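Reading through the structure tokens given below for one structure.
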Amino acid sequence: MVNAQPYPVIDVWELDRSAIGATIAAVQRPGREGKEGGVLWIGTRGQTSAVRAVVIPAGEGVVEAADFWQVTPEVFGAVSRWASERAWSLLGICHTHGDGIPARLSPQDRAHLVRAPGILAVVIGSAGREDNPQRWGWYEFTSGAYRAISSRERQRRLHLTTDADIGVWAADRRGCRPVANS
Ligand SMILES: [Zn+2]
């Protein structure tokens, strides 16, 4: 069945703890160098959306700076093509903020992040050493802006699982390849 609605409304996100672990491991690498890092959460989109893959953009087309993390449209395009072959979609964009910087979207983040209905933006504090997702900043793009998701709302809408099969992939503008030992 073809889903004619490109952005089905998301009620619940299923996120496996292994995806959280892979996310933290990926963003701590640039964090150790004093830089922001980030990953993309990719999976099936529907009323219940499930993260199936953690995609780590790296190399050309990825900016990891002390106060900034950005992925070029070319890399997003390559990831989107790869995901659509699997009937997956971009569900979330996670990035770190360094020590002493609040785990909240900055004006620069709001200006540069992908703007599409239902996309999650997650900010991980302390350069990725903050490993408690409850202390991360959670936002959803709705009605033209990123809106914070309160902890109460997350209790209902964010389901943490422990048994999902999560792939870890590296991405650049040529596409995605599996990361070894994942
Ligand atoms: Zn930021």
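According to our numbering, the sequence shown is numbered sequentially starting from 1300. Using N, Cα and C, we set each Cβ at its ideal position, and we do this for glycine too. Since we're looking at a predicted model, the values are computed, not measured.
Checklist line | Selected residue, minimal CA-CA separation from PRO1432, among VAL1421, SER1442, PRO1307 and ASP1366 | finding: Numbered from its first residue, the sequence shown carries residue 1432 at position 133. Sorting VAL1421, SER1442, PRO1307 and ASP1366 by C-alpha distance to the C-alpha of PRO1432 places VAL1421 at the top.
Notebook entry, point to check: Cβ-heavy atom distance between SER1425 and ligand 1 below 7 Å?
Noted result: Taking the first residue of the sequence shown as position 1, residue 1425 is located at position 126. Result no, Cβ not under 7 Å from ligand 1.
Next item on the list: Using 7 Å as the cut-off, classify the Cβ of SER1405 as near or not near the heavy atoms of ligand 1, replying yes or no.
Entry: What you label residue 1405 is simply residue 106 of the sequence shown in a count that begins at 1. Correct: SER1405 has its Cβ closer than 7 Å to ligand 1.
Next item on the list: Under 6 Å Cβ to Cβ from ALA1318, same chain only, skipping five residues before and after it: list those, please.
Entry: Position 19 of the sequence shown, counting from 1, holds the residue named residue 1318. So the qualifying residues of the chain are VAL1350, VAL1353 and ILE1465.
Item checked: Candidates THR1347, ILE1323 and PHE1367: closest to GLY1333 by CA position -> Counting from 1 along the sequence shown, the entry for residue 1333 is found at position 34. Considering only THR1347, ILE1323 and PHE1367, the residue with the shortest C-alpha distance to GLY1333 is PHE1367.
Next item on the list: Could you have a look at ILE1309 and say whether DSSP puts it in helix, strand or coil?
Entry: For the purposes of this step, residue 1309 is taken as residue 10 along the sequence shown, with counting starting at 1. For ILE1309, the three-state secondary structure derived from DSSP is coil.
Next item on the list: Starting from ILE1423, trace the beta strand (DSSP E) both ways and give me its first and last residue.
Entry: Start at 1 with the first residue of the sequence shown, and residue 1423 comes out as number 124. Where ILE1423 is concerned, the enclosing beta strand (DSSP E) stretches over 1419-1423.
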